[in-house]
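Participant: First the structure, which I've put down as structure tokens, then a few questions once you've had a look.
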Amino acid sequence: MIPIAVLSASLLQLLLAGTFFVIPVVGRRLGPAAQRAAEAEVARQGIPGAVLARHRIDFGASQASVVLAMSIGVCLVALALLNLSGSGTGRILSWIFQAVVFVLGCVIMPGEVFTTRYLQAAARKSDDPSLRGLDVEAFVEAAVKAYPSWFRGVIAARLVLATAGSLLVIGLLAMPAVSGYFA
Numbered sequence: 109m110i111p112i113a114v115l116s117a118s119l120l121q122l123l124l125a126g127t128f129f130v131i132p133v134v135g136r137r138l139g140p141a142a143q144r145a146a147e148a149e150v151a152r153q154g155i156p157g158a159v160l161a162r163h164r165i166d167f168g169a170s171q172a173s174v175v176l177a178m179s180i181g182v183c184l185v186a187l188a189l190l191n192l193s194g195s196g197t198g199r200i201l202s203w204i205f206q207a208v209v210f211v212l213g214c215v216i217m218p219g220e221v222f223t224t225r226y227l228q229a230a231a232r233k234s235d236d237p238s239l240r241g242l243d244v245e246a247f248v249e250a251a252v253k254a255y256p257s258w259f260r261g262v263i264a265a266r267l268v269l270a271t272a273g274s275l276l277v278i279g280l281l282a283m284p285a286v287s288g289y290f291a
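Residue 109 in this note's numbering sits at position 1 of the sequence shown, with consecutive numbering throughout.
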């Protein structure tokens, strides 16, 4: 019988993996529309929409980011299945991989959740007067409207699962009570 701690850790890994599959697919599919909406809002503010591209502000998912996200998702699924099967290798690799995901969650993913704040800070620091003059909140909101309403929740869930969830997975798999399962 699979210990509850292992089952819980594996479920967290599978939920996190799901976010790494959903977010890039939706971003790739609807990103161009979101980018056009943001550029239209910037143009409505009297600034050429090209200012976003010039400063590498993109609301879509590049092919490279899709491949990376899908690869992370596949690794998480594989680790969850290894843990469910009682593989000691899966347990050790989970500790390592979840630590890496935790760091990514702390460093990269907050920018996806707090996009407006990050872009406002970047605009304030920019040497480009056209970027400093933008109503960042308005163009971010225009881009967000191009995505389904549930999408922001999935992005927030990924941040929580990548940070707190990763720590929980590591802790659950480190419990002495599950050691016998991995023997």
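Glycine included, every Cβ here is placed at the ideal spot set by N, Cα and C.
Would the beta-carbon of T127 fall within 8 Å of that of R266?
Facilitator: Yes, they are a contact pair.
Participant: With distance defined between alpha-carbon atoms, name the residue in G288, P111, L124 and A250 nearest to L184.
Facilitator: Ranking G288, P111, L124 and A250 by Cα distance to L184 puts L124 first.
Participant: Locate the alpha helix (DSSP H) running through Q121, then write down its first and last residues.
Facilitator: Run containing Q121: I112 to R152, per the alpha helix (DSSP H) assignment.
Participant: Compute the Euclidean distance between the alpha carbons of L189 and G219, then round it to the nearest angstrom.
Facilitator: Each residue's Cα considered, the two are about 30 Å apart.
Participant: Could you name the residues of the same chain whose beta carbon sits closer than 7 Å to that of A177, not counting the 5 residues immediately before and after it, in chain order?
Facilitator: These residues qualify, in order along the chain: F128, I131 and P132.
Participant: Buried or exposed: where does T223 fall if 16 or more other Cβ atoms within 10 Å of its Cβ makes it buried?
Facilitator: Under this definition T223 is a buried residue.
Participant: Are G241 and I165 closer than 8 Å when you measure CB to CB?
Facilitator: No, the pair does not count as a contact, with Cβ atoms beyond the cut-off.
Participant: Flag this pair as yes or no: are the beta carbons of G135 and A169 separated by less than 8 Å?
Facilitator: Result yes, Cβ atoms of G135 and A169 sit closer than 8 Å.
Participant: Distance check for L269 and A193, CA to CA, integer angstroms please.
Facilitator: The amino acid at residue 193 is misidentified as Ala; the sequence shows Ser. Roughly 22 Å between the two C-alpha positions.
Participant: DSSP three-state label for M205, please.
Facilitator: Reading off the sequence shown, one finds Phe at residue 205, where the question assumed Met. F205 falls in the helix class under three-state DSSP.
Participant: In chain order, which alpha helix (DSSP H) runs of at least 4 residues are fully inside the stretch 216-262?
Facilitator: For the stretch 216-262, whole alpha helix (DSSP H) runs of length 4 or above, ordered along the chain, are 218-221, 223-233, 237-240 and 244-252.
Participant: Using CA atoms only, rank isn't needed, just tell me which of F205, R225, E245 and A254 is closest to I278.
Facilitator: That would be F205, whose Cα lies nearest to the Cα of I278.
Participant: Tell me whether R164 sits in a helix, a strand or coil according to DSSP, three-state version.
Facilitator: Coil, per DSSP.
Participant: Assign E149 to one of two classes, buried (16 or more other C-beta atoms within 10 Å of its C-beta) or exposed (fewer than that).
Facilitator: So E149 counts as buried.
Participant: Apart from the five residues on each side of it in sequence, which residues of its chain come closer than 8 Å, Cβ to Cβ, to Y289?
Facilitator: Hits under 8 Å: I110, P111, V114 and G194.
Participant: Could you tell me if V208 is buried or exposed, where buried requires 16 or more neighbouring beta carbons within 10 angstroms of its beta carbon?
Facilitator: That one is exposed.
Participant: Kindly indicate which three-state DSSP category P156 falls into: helix, strand or coil?
Facilitator: P156 falls in the coil class under three-state DSSP.
Participant: Buried or exposed, going by whether 16 or more other CB atoms sit within 10 Å of the CB of V175?
Facilitator: V175 is exposed by the Cβ-count criterion.
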